[in-house]
Amino acid sequence: MRWTEFYKHESCGKCTPCREGTWWLVQILKDLESGKGTEADLDKLLDLCSNIMGRSFCALADGAASPIVSSLKYFRSEYMEHLHNGGCPLDPQASTLFEKAGV
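Structure, rendered in structure tokens:
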């Protein structure tokens, strides 16, 4: 999710596949992460990625879409866990490199 937000932020906005595509990738991934996603959203992600890759002026959009395609191919079961468990089963703060003071 964080890398997709990075690509959305870094898009110059010049080409539609990158500007709109990265925005939609973030929206769908947020829904999946928060437990509001559906199995159809996984297919939407793949469709969206296929409409992004190879259709922008630079490689930024490809960089945003390619990891999503790969993760759906190799880790689809983890996406399904998000769907069936009502959101991300992992604590996002646990993935940081630092700890909060006093914890």
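With the working numbering applied, the sequence shown closes on residue 1491, and no number is skipped along the way. Note that CB positions come from ideal geometry on N, CA and C, so glycine has one too.
If we call anything under 8 Å between Cβ atoms a contact, is P1405 one with I1456? no
Does the Cβ-Cβ distance between M1389 and E1421 come in under 8 Å? Yes, these two residues count as a Cβ contact at 8 Å.
Contact check, L1330 vs Y1467 under 8 Å by CB: the rounded distance? There is simply no residue 1330 to check, as the chain begins at 1389 and stops at 1491 in what is shown.
Can you tell which of C1476, L1471, E1469, L1436 has the C-alpha that lies nearest to the C-alpha of A1452? L1436
Just the Cα atoms here: how many angstroms apart are L1471 and K1418? Take the alpha-carbon of L1471 and the one of K1418: they are about 12 Å apart.
Answer with buried or exposed for K1461, where buried requires no fewer than 16 other C-beta atoms within 10 angstroms of its C-beta. exposed
Range covered by the alpha helix (DSSP H) that runs through S1458: 1448–1473
For G1423, the first and last residue of its enclosing alpha helix (DSSP H): Careful: G1423 lies outside any alpha helix (DSSP H) and carries neither H nor E.
For K1396, does the three-state DSSP call read helix, strand or coil? K1396: helix per DSSP, three-state reduction.
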